[in-house]
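Read through the structure below, which is laid out as structure tokens, and then see the notes.
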Amino acid sequence: MLRIRVLCVLVCVVLGFCGVCVGGVEMEVDWAEYISEQDPVWEAMPKRWYDAPFMGNGMLGTLVRQSGDKQVRWDVGRTDVQDHRMNDDYTVRAPEILNRGRVPIGHFVLDTEGDIEGGSSRIHLWDAEATGEIGTSEGSVKWRTLVHADDMVYMVVLEGEGRESSPELRFVPERAESTRYTRRKGGLKKEFVENYTPNPEPVIGERADGVTVCVQDMVAGGETATAWWSGVEDGKRVYFVTVQHTYPGKDADGLAVAELAKVRGRDREDWIGEHRGWWRDYYKQSFVSISDPVWESFYWIQMYKLACATRADRALIDNQGPWLQPTGWNGTWWNLNIQLSYSPVAQANRLGIGESLTNHLQDNFQTLVNNVAEEYRSDSAGLTRNTGNDLIGKVGEPGGWGYGPADIGSEVGNLTWTCHNVWMMYRYSMDEELRDELLYPLLRRAVNYYRHFLYEGEDGRLHLPETHSPEYGNAEDANYDLALIKWGCRTLLELADERGKTDPLEDEWRRILDELVEFPVNENGFMVGRGVGFDKSHRHWSHMLAVYPLRIVTPETEAGEELIRKSLKRWHSFKGALVGYSYTGGASFSALLGNGDKTLEYLNGFKRYMGDSTMYYEGGRRAGLPVMETPLHCSEAIQEMLLQSWGGKIRVFPAMPDAWGESMFHDMRAEGAFLVSAERDEGETEWVRVRSLAGERCVVRCDLDEPRATVGGKERELKELEPGVYEVELAEGEEVFIFAEGEDEFEVEPADDEGGDEHAWGVK
Numbered sequence: 105m106l107r108i109r110v111l112c113v114l115v116c117v118v119l120g121f122c123g124v125c126v127g128g129v130e131m132e133v134d135w136a137e138y139i140s141e142q143d144p145v146w147e148a149m150p151k152r153w154y155d156a157p158f159m160g161n162g163m164l165g166t167l168v169r170q171s172g173d174k175q176v177r178w179d180v181g182r183t184d185v186q187d188h189r190m191n192d193d194y195t196v197r198a199p200e201i202l203n204r205g206r207v208p209i210g211h212f213v214l215d216t217e218g219d220i221e222g223g224s225s226r227i228h229l230w231d232a233e234a235t236g237e238i239g240t241s242e243g244s245v246k247w248r249t250l251v252h253a254d255d256m257v258y259m260v261v262l263e264g265e266g267r268e269s270s271p272e273l274r275f276v277p278e279r280a281e282s283t284r285y286t287r288r289k290g291g292l293k294k295e296f297v298e299n300y301t302p303n304p305e306p307v308i309g310e311r312a313d314g315v316t317v318c319v320q321d322m323v324a325g326g327e328t329a330t331a332w333w334s335g336v337e338d339g340k341r342v343y344f345v346t347v348q349h350t351y352p353g354k355d356a357d358g359l360a361v362a363e364l365a366k367v368r369g370r371d372r373e374d375w376i377g378e379h380r381g382w383w384r385d386y387y388k389q390s391f392v393s394i395s396d397p398v399w400e401s402f403y404w405i406q407m408y409k410l411a412c413a414t415r416a417d418r419a420l421i422d423n424q425g426p427w428l429q430p431t432g433w434n435g436t437w438w439n440l441n442i443q444l445s446y447s448p449v450a451q452a453n454r455l456g457i458g459e460s461l462t463n464h465l466q467d468n469f470q471t472l473v474n475n476v477a478e479e480y481r482s483d484s485a486g487l488t489r490n491t492g493n494d495l496i497g498k499v500g501e502p503g504g505w506g507y508g509p510a511d512i513g514s515e516v517g518n519l520t521w522t523c524h525n526v527w528m529m530y531r532y533s534m535d536e537e538l539r540d541e542l543l544y545p546l547l548r549r550a551v552n553y554y555r556h557f558l559y560e561g562e563d564g565r566l567h568l569p570e571t572h573s574p575e576y577g578n579a580e581d582a583n584y585d586l587a588l589i590k591w592g593c594r595t596l597l598e599l600a601d602e603r604g605k606t607d608p609l610e611d612e613w614r615r616i617l618d619e620l621v622e623f624p625v626n627e628n629g630f631m632v633g634r635g636v637g638f639d640k641s642h643r644h645w646s647h648m649l650a651v652y653p654l655r656i657v658t659p660e661t662e663a664g665e666e667l668i669r670k671s672l673k674r675w676h677s678f679k680g681a682l683v684g685y686s687y688t689g690g691a692s693f694s695a696l697l698g699n700g701d702k703t704l705e706y707l708n709g710f711k712r713y714m715g716d717s718t719m720y721y722e723g724g725r726r727a728g729l730p731v732m733e734t735p736l737h738c739s740e741a742i743q744e745m746l747l748q749s750w751g752g753k754i755r756v757f758p759a760m761p762d763a764w765g766e767s768m769f770h771d772m773r774a775e776g777a778f779l780v781s782a783e784r785d786e787g788e789t790e791w792v793r794v795r796s797l798a799g800e801r802c803v804v805r806c807d808l809d810e811p812r813a814t815v816g817g818k819e820r821e822l823k824e825l826e827p828g829v830y831e832v833e834l835a836e837g838e839e840v841f842i843f844a845e846g847e848d849e850f851e852v853e854p855a856d857d858e859g860g861d862e863h864a865w866g867v868k
């Protein structure tokens, strides 16, 4: 059981006050016990990908599920395995994904002797591995699987009984063909299909050393190699599997064989110990506990999922993660999906996870420049709606291309929105290198792209030609783009001031802020754009981006609060097109408004859109079309109930539902590079601790009654700026404890459950 103890002693002094806190946060943690309480547990065999146990290491991934009466499959996935064709035809929708989308690799199958009658399994979050047992009419098979944290290898161990005593896996290769092309070639124009040259069929060969290699060659260059070795150890069948992808070279097979040889030469227990060590360090970066076992477990499964899906030096979190399924969304979508996938990393104090995004943007900076038309490349950059891992794709223009899909041809704001994620990484770390080498130059180019299209109207205000508001429709002065322009200009001015360097465009950014047309609104709240009201069901909140996540319009003013409430009500009043992220978005809006009960209501409304593993799908359970982002965004909504830090204030427990009487978090991050901890018991805040990592101004909002503060064991003045809002001076490295008069002991353990299912996730 985890225990966090804030050591305090009461000291009476001549000046007449007592209760001075000395010392810091002492953690006595039984992490293994606590994290194991969050494990998803299966009491039956999952049969769909979104119900199955999943594992990953930020590049490789697998799912385990029943695929037939006598079959269980282990998927083989690697996120950077994609095609590399360059003949994009922009009269076709999403040519980037048809040509450079993710391609399938294959899967392993266990053929049982008898009919499968049942089974059980469990993801052991603390060990980052899964185990299970398959019961058949002829016996049983126990299995164990882990995807190693460091090495590009996953291990499968099988042990059978009865007539299932000799279980073996066989590999089923798949053609390396974009799943979007496979699913949609019947609807593509004839010329595109006729000119499409399929990649060769996979070729399998066995080597003298017992390693088997399957090579998928690609006509546009590069190859993918899946290699595996198996043997019997202590009566158990053991498999080691790796996947390597190279481009433009064709040496993946050699790399795969070498990777297996490296791992096979290691001491097994040391190898597994390194894997577990990585994960245990990762979990301890922050702690969250709430008195709702379903959502508490869900939160920790998302933290596990994040690190399964990406690492600093590994793949982007695209729409699939390392678990590609047959879908037309086999790539990275930049008009919501990737932004939501990365949304929880900063506040969770898991910035290393987010570095896969910033590193990809840095490594492909010139590609982002090349994505805009040649006449804009001197000062601009952009991202189209969807790309492969290479980020290549022609960016839309205000007013449209004049050919091809009108929506994609006029979708402009995706890079600017992505820069907001980079900005969050910066604000939560105050990393000046990130600011100066990536955020500032990239955001400058993203805003410059808009500048080329702004024009002065008859009203003397700056306007924007028709652009696409994802995924509603097209409009002039679209709120989606106006919000991004305003946020971009404001942020550039703030960053320029921080850097202490004058930018020749500063006056231009101020002019844009002064002269840009106001957000189009009507009696129902935010419109989509000029002359286009929000009048139909729409799953995306693109028209309200100014509220969330940009927070240009906030509930800090009565007018802002009223506009947000009206807009949220109008958005969710049309039910037909709402999907999972409509509910997580509603949760974030409600958390911003400080309405914890409504936030929880939206979270509970989201449950029906998830599989039993917490994976998200669209199109109904039968179609089960996979997308990664929404459960990850849901974990951010939970964070926003516990802690918010926009607008220069650290808000502690800003949106707590009545049902969550007890909550505790430790070492969550806040803007300005603060580590924040707090405890809530019986609906009241007990104490708050804030540690400054960068010496930024510290303003805390909390509901403590007549709070006191200590820094380094000495009383520190709390300057009350407004009711419940306090400023405290903190130097870099200092931490403050804020607590109510009379508190003399601060012992914390995980929140007591307020009822609900233990191990709620997994097939039951």
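Remember, this note's numbering sits 104 above the position in the sequence shown when you count from 1. Built from N, CA and C at the ideal position, the CB exists for glycine as well.
Collapsed DSSP secondary structure at residue i in the structure displayed
i: Met-259; result: strand
i: Met-407; result: helix
i: Gly-816; result: coil
i: Gly-592; result: helix
i: Arg-755; result: strand
i: Trp-153; result: helix
i: Cys-802; result: strand
i: Gly-236; result: strand
i: Pro-448; result: coil
i: Ser-241; result: coil
i: Phe-344; result: strand
i: Leu-202; result: helix
i: Met-648; result: helix
i: Asn-474; result: helix
i: Asn-441; result: helix
i: Phe-843; result: strand
i: Thr-606; result: coil
i: Ile-668; result: helix
i: Lys-96; result: Residue 96 is absent from the model: the chain starts at 105 and stops at 868.
i: Gln-743; result: helix
i: Asn-708; result: helix
i: Pro-277; result: strand
Residue i classed as buried or exposed, judged by whether at least 16 other C-beta atoms fall within 10 angstroms
i: Tyr-507; result: exposed
i: Asn-525; result: buried
i: Thr-571; result: buried
i: Gly-239; result: buried
i: Asn-708; result: exposed
i: Leu-822; result: buried
i: Gln-348; result: buried
i: Ala-452; result: buried
i: Val-110; result: Note that Val-110 scores 35 on pLDDT, short of 50, meaning its location in the model is unreliable; the coordinates nonetheless yield the value given after this. By the neighbour-count rule (16 or more Cβ atoms within 10 Å), Val-110 is buried.
i: Thr-544; result: The sequence given here places Tyr at residue 544; Thr does not occur at that position. Its Cβ being crowded by 16 or more others within 10 Å, Tyr-544 is buried.
i: Lys-409; result: buried
i: Ala-331; result: buried
Residue i - partner residues in DSSP beta bridges
i: Leu-729; result: Glu-722
i: Lys-823; result: Glu-831
i: Trp-333; result: Phe-344
i: Ala-579; result: Thr-571
i: Thr-734; result: Looking at the DSSP assignment, Thr-734 forms no beta bridge with any residue, so it has no partner.
i: Met-714; result: Tyr-720
i: Ile-394; result: Ser-767
i: Arg-784; result: Ser-767, Thr-789
- Query: Using 8 angstroms as the threshold, is the region 446–457 in touch with the region 725–743, meaning 3 or more CB pairs across them?
  - Reply: yes
- Task: Pick out the complete beta strand (DSSP E) segments inside the region 511–577, 3 residues or longer, and give them in chain order.
- Result: Runs found: 571–573.
- Message: Contact between the region 576–594 and the region 509–518 is defined here as three or more beta-carbon pairs at a separation below 8 angstroms; is this criterion met?
- Response: Short answer: they touch.
- Message: Would the region 282–296 count as touching the region 195–211 if we require 3 or more Cβ pairs under 8 angstroms?
- Response: yes
- Task: Please confirm if the region 248–255 is in contact with the region 155–165, defined as three or more CB-CB distances below 8 angstroms between the two stretches.
- Result: yes
- Message: If contact is defined by three or more beta carbon pairs under 8 angstroms, each pair taking one atom from either stretch, is the region 745–765 in contact with the region 170–188?
- Response: no
- Message: Quick check: the region 191–201 against the region 489–502, are at least 3 beta-carbon pairs closer than 8 angstroms?
- Response: yes
- With contact counted as at least three CB pairs below 8 angstroms, one residue from each stretch, are the region 478–487 and the region 553–568 in contact? yes
- Query: Touching or not, the region 398–414 and the region 146–156, by the rule of three or more beta carbon pairs under 8 angstroms?
  - Reply: no
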